[in-house]
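Chemist: In order, the protein sequence lines correspond to chains A and B.
Counted the way our numbering counts, the first sequence spans residues 801 to 941.
Counted the way our numbering counts, the second sequence spans residues 801 to 941.
A virtual CB, placed ideally from N, CA and C, is assigned to each residue, including glycine.
Protein chains: 2
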Amino acid sequence: MSDLLERLRGRGWRLTSQRRVVAEVLDGEHVHLTADEVHARAAARLPEISRATVYNTLGELVTLGEVLEVATDGRAKRYDPNAHRAHQHLVCSGCGAIRDVHPHGDPLAALPAAERFGFAVTTAEVTYRGLCPDCRGRSGS
Amino acid sequence: MSDLLERLRGRGWRLTSQRRVVAEVLDGEHVHLTADEVHARAAARLPEISRATVYNTLGELVTLGEVLEVATDGRAKRYDPNAHRAHQHLVCSGCGAIRDVHPHGDPLAALPAAERFGFAVTTAEVTYRGLCPDCRGRSGS
DNA sequence: TCCTAACTTGGACTTCGTCTAAGTCAACAC
DNA sequence: GTGTTGACTTAGACGAAGTCCAAGTTAGGA
Numbered sequence: 801m802s803d804l805l806e807r808l809r810g811r812g813w814r815l816t817s818q819r820r821v822v823a824e825v826l827d828g829e830h831v832h833l834t835a836d837e838v839h840a841r842a843a844a845r846l847p848e849i850s851r852a853t854v855y856n857t858l859g860e861l862v863t864l865g866e867v868l869e870v871a872t873d874g875r876a877k878r879y880d881p882n883a884h885r886a887h888q889h890l891v892c893s894g895c896g897a898i899r900d901v902h903p904h905g906d907p908l909a910a911l912p913a914a915e916r917f918g919f920a921v922t923t924a925e926v927t928y929r930g931l932c933p934d935c936r937g938r939s940g941s
Numbered sequence: 801m802s803d804l805l806e807r808l809r810g811r812g813w814r815l816t817s818q819r820r821v822v823a824e825v826l827d828g829e830h831v832h833l834t835a836d837e838v839h840a841r842a843a844a845r846l847p848e849i850s851r852a853t854v855y856n857t858l859g860e861l862v863t864l865g866e867v868l869e870v871a872t873d874g875r876a877k878r879y880d881p882n883a884h885r886a887h888q889h890l891v892c893s894g895c896g897a898i899r900d901v902h903p904h905g906d907p908l909a910a911l912p913a914a915e916r917f918g919f920a921v922t923t924a925e926v927t928y929r930g931l932c933p934d935c936r937g938r939s940g941s
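In structure tokens form, the structure reads like this:
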């Protein structure tokens with residue numbers, strides 16, 4: 801993650817303790833925290849950090865392409881630091897758990913020109929849904 | 801849409817004027833209204849209809865599988881009455897316009913078993929994003 | 001060390017949606 | 001047609017998620 805901080809400094813970011821803590825909280829694979837969860841974990845290290853700063857920082861990271869915004873339910877957005885490897889999301893319909901997954905092929909290729917209606921289509925986000933092993937055990941059988 | 805009302809009555813729905821108006825507002829293809837838009841259009845015909853009733857009715861229609869909930873941005877959910885023909889959505893990154901589209905193949909097939917992590921995967925929602933013709937003209941060239 | 005633009009803060013505010021208690025009414029029985 | 005009743009509707013309070021703002025603080029260059 802320190803390379804992230806270096807990249808950001810290279811882009812003219814002022815490196816404050818708040819931004820450092822937010823970046824550290826987001827470190828790792830399969831991390832999909834809400835803004836409030838980021839705030840809670842950041843506040844554990846830097847108690848006086850404000851919600852507004854967390855929102856600002858997350859927004860900046862998204863704009864810079866370092867973090868992805870994921871809206872899998874109608875509720876709070878989640879923030880995904882795994883922005884440099886293309887992937888999609890698998891979401892449990894029972895408990896809301898999220899996994900990064902890697903389907904094969906380019907999902908964009910499935911959309912023929914005739915179905916693009918003149919749009920310059922650049923991305924395809926796929927959300928797979930189903931029951932995770934825990935939730936399957938809990939309800940079925 | 802009157803067959804919708806018949807289907808609902810068959811399921812034990814009480815057919816109130818409010819529910820009828822909401823169902824009528826949602827009639828049509830390529831309709832992706834927010835709850836507030838549904839309320840506004842319903843109120844044009846039935847001025848005393850309340851927001852709570854619109855939310856209740858939309859929720860029931862979703863539960864019954866007659867209407868789909870679409871969350872393409874982090875903002876208000878949209879309601880899509882085209883629930884009986886499988887389709888995906890193409891969203892303009894500029895203005896937010898939404899089109900129903902029909903990619904070929906089953907997007908589920910692209911996710912190999914090894915990438916399912918024991919989930920019982922049942923659906924795949926795809927959101928294609930890009931600039932619509934209007935927004936392309938406005939920004940580029 | 002000083003300066004200043006960039007950053008952070010707390011709290012008010014907005015938007016979207018849910019809940020509740022009281023009133024209304026569709027549909028069935030007669 | 002009339003009565004009955006439980007399902008439905010209503011207004012408004014409430015809650016969660018997120019944005020905005022004016023005032024205070026600070027990173028980093030001179």
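Is it true that the CB of B/H887 sits closer than 9 Å to the CB of B/D900?
Modeler: Yes, they are a contact pair.
Chemist: Could you spell out where the beta strand (DSSP E) holding B/R878 opens and where it closes?
Modeler: 878-880
Chemist: Please report the residue range of the alpha helix (DSSP H) in which B/G859 lies.
Modeler: 851-863
Chemist: Flag this pair as touching only if the segment 862-874 of chain A and the segment 910-920 of chain A have three or more C-beta atom pairs under 8 Å; answer yes or no.
Modeler: no
Chemist: How is A/V825 classed by DSSP in three states: helix, strand or coil?
Modeler: The answer is helix: DSSP assigns A/V825 an H, G or I state.
Chemist: Since A/E915 contacts B/H884 with CB under 8 Å, what's their CB separation in whole angstroms?
Modeler: About 19 Å separates the two Cβ atoms, so there is no contact after all.
Chemist: Is A/P847 buried or exposed, if buried means 16 or more other CB atoms sit within 10 Å of its CB?
Modeler: exposed
Chemist: I'd like to know if B/H839 contacts chain A, where contact means its C-beta is closer than 9 Å to some C-beta of that chain.
Modeler: no
Chemist: For chain A, find out if any of its Cβ atoms is closer than 9 Å to the Cβ of B/S850; answer yes or no.
Modeler: So no, B/S850 is outside the interface.
Chemist: Taking A/R929 and B/T922 to be in contact with their CB atoms under 8 Å, please state how far apart those CB atoms are, rounded to whole angstroms.
Modeler: For a cut-off of 8 Å, the C-beta gap from A/R929 to B/T922 is around 6 Å, short enough to register as a contact.
Chemist: Rounded C-beta distance between B/E866 and B/L804? I'm assuming under 8 Å.
Modeler: 6 Å
Chemist: Any beta carbon of chain B sitting closer than 9 Å to that of A/C932?
Modeler: Closer than 9 Å to some Cβ of chain B, the Cβ of A/C932 qualifies, so yes.
Chemist: Note down, in chain order, all residues in the segment 909-923 of chain B with a beta-carbon under 8 Å from any beta-carbon belonging to chain A.
Modeler: Within the segment 909-923 of chain B, the qualifying residues are A910, L911, P912, E915, R916, F917, G918, F919, A920, V921, T922, T923.
Chemist: Give the DSSP bridge partners of A/R929, in chain order.
Modeler: A/V891, B/T923
Chemist: Where do the ends of the alpha helix (DSSP H) carrying A/V901 lie?
Modeler: Run containing A/V901: none in the alpha helix (DSSP H); it sits in the beta strand (DSSP E), 898-901.
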